[in-house]
Amino acid sequence: MNKLLFHNIPLGATGERIPQAAIASARTSREMVKPEDGDAAYFRLLEEGGILLNQPQIAAVRHYQGPLLTLAGAGSGKTSVLICRTGYLLSVRGISPSRLLLLTFSSKAAAEMRERIAVLPGVSENDAARLQARTFHSFFLYFLRRQGLRQDIFHETRRQHILLKQIMRELGLPKDAYPPETLLALLSSCKMNMGEPENLPETTTAEQEMKAVLALYEQWKRDNHKIDFDDVLLIAYRMLREQPALLQELQNKFQYVMVDEFQDTNALQYELVKMIAHPQHNLMVVGDDDQTIYSFNGARSEFILEFEKLYPGAKVITLDINYRSGPAIVGLGNGIIRHNTRRRSKTLQAAKNGGSPPRYLRPQTADEEAEQIVEHIVSQVDGHSREYRDFALLYRASSSNRAILELLLLRDIPYIDYGEGRLLYEHWLISPVLDHLRLSVNRRNFAAMENILPTLYMNREKGMDHIRRMEAIQPKQGPLIHLLSMPGMEDFKGTKLRERLELIRGLGSVTPVQAIRQIRINFYDYFIEANERHQATLHRETLKEMLDELETSAERFDNITVFLDFIDNITERNELSRQTGLKEQGNRIALMTIHKSKGLEFPVVFLIGASEGILPHSSALEGDRLKDRKTAKSTVGSPLKTGPESGIAALEEERRLAYVAVTRAREELFISSPARHRGKKAEVSRFMLSAFRSAVASPAPAVSGLRSGYTRTEHNSTRTSAARTHTVAVWKCTGANCPGWTRMKAGGAEDHLSSKPCPLCSSPMEQSTRVVPV
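Each residue of the sequence shown is one higher than the last, beginning at 0 in numbering that gives the first Met the number 0.
Structural data, given as C-alpha cells:
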C-alpha cells in the first residue's frame, strides 16, 4: 500500500487559503461590567470563581422578563450562560428558586447544571435543592407522581425487545420480522407528534403487522400497569389540556422557564413548554439551528427559525465566540455551514489563537483509511504525545466503521463503540448471505440451513422439523434436499430449492466476493426489495449499502473458508471486547456516529468517510429518490415531502452533520475522504470543497435573522468564481495532432502510472499541468 499523506487542503479544493475564523475580542465582564452597575457585585463574584463572560453572554445572563432566544454556536459556553442566568435571577433579581424550571435532554446535563448552580455565588444549598433542573421526562414524571400516577416505568430496552419478539411469535410472525428498535421508534414518533397508536397507518401489509404488534404491546403495558417515558409526556400533555386549573397551578409556580438544546425539541415537548410558560412568556430557549440533526426523531429546526412568530418582540442573542477550537477549525465549520439557506445568520469567532489547522487524507479505500488512521494513532501513543482517550473517530453511518473496527480488534487496540457494538456480519440482512457461503463449505451446517429458509419462502420451524425427521431415517450429504419431500411443497418452491442447491454447490469454486455477487444477482437483492417487512425496517439505500460493504470486505480474500474464518475470529474478538461492561471511555479510542457525538468534544477528531455518497449520504443527493423513503419515514415522524424542496432539506441536514463533526475537535482535526466507496469512484465531499470556495470568494454581506434565499450558497459561489483560473495536474496526449487531455485525480487508481493510453487516439499520455477556470 502506498503511504498515505496528510494534506493542508482537501484535494480538489479551488482555494489555497485555509478558512480562518476571526479572533474574538478578549474583553470580558471585567472590562464591560462597570463598578457602578447595580449587578457588578454578582459578576465580580463570578470572576473570582473563574467565570469570565463575554458581551453576548452578559446580555443573556441579564435578561429578565419576556421571551429570549439564545443562539448558541458550537463551543460557545451555553451551559455557563444557563447556570449564570439562573444565579442572576436568584441572587440579583431575588426570584425564588421554586419559581424556576430548567429543562434539558440528558440526565448527565441536568446533573451538571445542578452541580454548577449549587456553587454559584449567592446560591445557598437550600436554594439549589429547591430548584427544578431536570430532563423533560424526569420533570413530568415528578409532576405526574404528585397527581397520583402509580404505574411503573417500563424502560429497560432489553425487556422491551424481548416482549416485542414474544408478541411477534404470538402473532405468527417470524422472530426477526421487524427489529424491536424499529417498532419502538415508530411508536415513539407517533406519540411525540401527539398521535394515538390506534391511528397508525395500515395501508400495507407491513404497516398492518407493525400496528398489530404495537397494539398488543400497548395492551400488555396497560394490563401490567406499565408506562414508558413517551407515555409520561403524552399523559402530562393530556392532563394539562383537560384540567385547566392544574395547568394554571403549574404556570403560577414556574414563572421562569429555561430550555437547553432547544433545537432537539419535538412537537410534544414544545407544546408542553409553551403551555407552562404562558401567559408570562418568561421563556429562555438556548440552542443552535446549525446543529439540528435529529429530524428523524421529530426535532424541528423551525422552532428556532420561527421563534419570533410565536413570540413577537422576543429578544435574540447570539453566542458567537467558540472557546473550544482554534481559528482554523472554527473557520472550517463556518465555511461549511454558511452554504445552508434555512438558517440564522451567524459566523463564529475563535476565542484562542494558534492551534493546528485541519488536515486531510485521500486514501484509496476504507481499509487503507483505517490503516493510515490507526498507524497515526499508535505512533502518537507510542511516542507519548497522546493517549488513546484523546482520539474520537466519527462517521455518518454505523456501517462506515467496518474497516476501522476490524483493524482495532485485530491489533488489540482499546476502543469503545458508542453504537450497538454489533459487527456488519451479525446484522440480520447479512447473516443469510454468509450462511449460503457456510453451506458451500459444509452442506451439513444445520444452523446455516435454518437461517436461509426464509429466503426460500419457507417457515423455519416446519422446514427444520422435516429435515431432522428425514435425516433420522436417511441421512444426506446435503440435508436441504429433504425439503423436496415436505408435505404441501408447491412446485415453484421445489424449483427454487433445486436452483438454490445448484447455486450453493457452485460457490465453492469462486472467490468470496464473486460468491456474494452471485447470491445477490440470483435472488437476494430481489428478495430484500420485494419484502415489505424489510422495506419498512430500513431505507432501500441503506440495505444496498450494507450488502455493498460486505462485498468490499470480501474483496480482500481469495478463499471462502479463509473469509469465514476471518469473520469467526473478528466476531469472537468483538464478543470478548463487549464483555468488559465499561460504559465510560477510560483510556480508549471513541468510535461513534456524528449523531452520537453532538454535545461532546475531544482533543483529536478523525472524521472518516467524508466523500460524496457517504457524507452527504447518497439518499440525500437526489430529491426524487427520497420518494422511496415514505415507508421508512413512517418509523420516525410525519410524512416526508418529495421533490426539490425535500432534496434541499435533506442536503442541508447532511451539511449540519458535517458542521457538527468538525466542531467536536478541540486541538486537532483530520478529515478523510476515500477515493473509492464500495467499489465505485467517490469525490471529496462537497461540504469540504465548498468551505474553501467560500474562503477565496468575496465575503458575503452581513445578513440579520433568517436567511430565506440563496444568499451566497455554494451554487452562486461557484458562479462568482467562474472568472478565476488555477493550475491543475493533467494527463496530456503526446500525439502530434491530438488535443486530448484529462485531469489527474489525486489519490486515484492511476497514481502509480508514468503514462497511459489516450482515449481519443491511443497515443501515450504524459503527466503535465493546465490552466483552467476555477
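Note that CB positions come from ideal geometry on N, CA and C, so glycine has one too.
Small disclaimer: the values here were computed from a predicted structure and weren't measured.
State yes or no: is the C-beta of residue i nearer than 7 Å to some heavy atom of the ligand FMN?
| i | result |
| --- | --- |
| Glu-114 | Ligands displayed in this structure: none; no statement on the ligand FMN is therefore possible. |
Could you give the residue range of the beta strand (DSSP E) that holds residue i?
| i | result |
| --- | --- |
| Tyr-255 | 255-258 |
| Pro-756 | 754-756 |
| Asp-416 | 414-416 |
| Met-283 | 282-286 |
| Val-497 | Note that residue 497 is Arg in the sequence shown, not Val. No beta strand (DSSP E) contains Arg-497, which is instead part of the alpha helix (DSSP H) from 490-506. |
| Phe-601 | 601-606 |
| Tyr-269 | First-last for Tyr-269: 266-276, but that is the alpha helix (DSSP H), not the beta strand (DSSP E). |
| Ile-316 | 314-318 |
| Arg-358 | 358-360 |
| Ala-391 | 390-394 |
| Thr-741 | 740-742 |
With DSSP as the reference, label residue i as helix, strand or coil.
| i | result |
| --- | --- |
| Cys-189 | helix |
| Pro-34 | coil |
| Gly-76 | coil |
| His-616 | strand |
| Phe-153 | coil |
| Gln-348 | strand |
| Met-485 | coil |
| Lys-225 | strand |
| Leu-428 | coil |
| Asn-53 | coil |
| Tyr-177 | coil |
| Ser-6 | Checking the displayed sequence, the identity of residue 6 turns out to be His instead of Ser. Note: His-6 maps to strand in three-state DSSP. |
| Asn-321 | strand |
| Val-60 | helix |
| Leu-404 | helix |
| Val-380 | helix |
| Arg-516 | helix |
| Met-463 | helix |
| Pro-453 | helix |
| Pro-511 | helix |
| Ser-24 | coil |
| Thr-733 | coil |
| Thr-768 | strand |
| Ser-808 | Residue 808 is absent from the model: the chain starts at 0 and stops at 773. |
| Thr-13 | coil |
Going along the chain, which residues of its own chain have a beta-carbon closer than 7 Å to the beta-carbon of residue i, five neighbours each way excluded?
| i | result |
| --- | --- |
| Leu-549 | Leu-423, Ile-429, Val-432, Ile-515 |
| Ser-610 | Ser-672, Pro-673, His-676, Ala-681, Glu-682, Val-683, Ser-684 |
| Gln-379 | Arg-385 |
| Gln-150 | His-224, Lys-225, Ile-226 |
| Gln-19 | Pro-326, Ala-327, Gly-330 |
| Asn-444 | Arg-437, Leu-438 |
| Gly-477 | Arg-442, Leu-500 |
Which first and last residues belong to the alpha helix (DSSP H) in which residue i is found?
| i | result |
| --- | --- |
| Ile-252 | Here residue 252 turns out to be Lys, not Ile, going by the sequence shown. Taken as a continuous stretch (DSSP letters only), the alpha helix (DSSP H) holding Lys-252 covers 243-252. |
| Ile-775 | Past the boundaries of the shown model lies residue 775; the chain is included only from 0 to 773, so the question cannot be answered. |
| Phe-42 | 39-47 |
| Ala-589 | Run containing Ala-589: none in the alpha helix (DSSP H); it sits in the beta strand (DSSP E), 588-592. |
| Gly-332 | 326-336 |
| Lys-308 | 306-309 |
So, for residue i: in the same chain, excluding its five sequence neighbours on each side, which residues have a beta-carbon less than 8 Å away from its beta-carbon?
| i | result |
| --- | --- |
| Leu-271 | Phe-135, Phe-139, Leu-232, Ala-235, Tyr-236, Leu-239 |
| Asp-38 | Val-32, Arg-61, Tyr-87, Val-91 |
| Pro-196 | Leu-186, Cys-189, Lys-190, Lys-210, Leu-213, Ala-214, Glu-217 |
| Thr-775 | Here the chain covers residues 0 to 773 and nothing more, so residue 775 does not appear. |
Using a Cβ-Cβ cut-off of 6 Å (strictly less than) and excluding sequence neighbours within five positions of residue i, which residues of its own chain qualify?
| i | result |
| --- | --- |
| Gly-585 | none |
| Tyr-658 | Asp-289, Gly-332, Ile-335, Ile-336 |
| Ile-466 | Pro-478, His-481 |
What runs of the alpha helix (DSSP H), each 4 residues or longer, lie entirely inside the stretch 66-154? 77-90, 106-117, 124-129, 135-145
(Q) Extract the residue ranges of the alpha helix (DSSP H) inside the stretch 648-697, only unbroken runs of 4 or more that lie entirely within it. (A) 685-695
- Message: Whether or not the stretch 96-116 and the stretch 14-29 are in contact is what I'm after, with contact meaning three or more pairs of Cβ atoms, one per stretch, closer than 8 Å; do they touch?
- Response: no
Using a Cβ distance threshold of 8 Å, determine whether the stretch 356-364 contacts the stretch 324-337, with at least three qualifying pairs required. yes
- Would you be able to state if there are at least three C-beta pairs under 8 Å between the stretch 261-268 and the stretch 288-299? yes
Would you be able to state if there are at least three C-beta pairs under 8 Å between the stretch 197-207 and the stretch 119-134?
no
**Study point:** Cβ contact check for the stretch 595-609 and the stretch 656-670: 3 or more pairs under 8 Å
**Key:** yes
* the stretch 363-382 in contact with the stretch 51-70 per 3-pair CB rule at 8 Å -> no
Discussion item. Tell me whether the stretch 585-597 and the stretch 410-421 touch, counting them as touching only if at least three CB pairs, one residue from each stretch, are closer than 8 Å.
Written reply: yes
Is the stretch 308-326 touching the stretch 100-120, taking contact as three or more C-beta pairs under 8 Å? no
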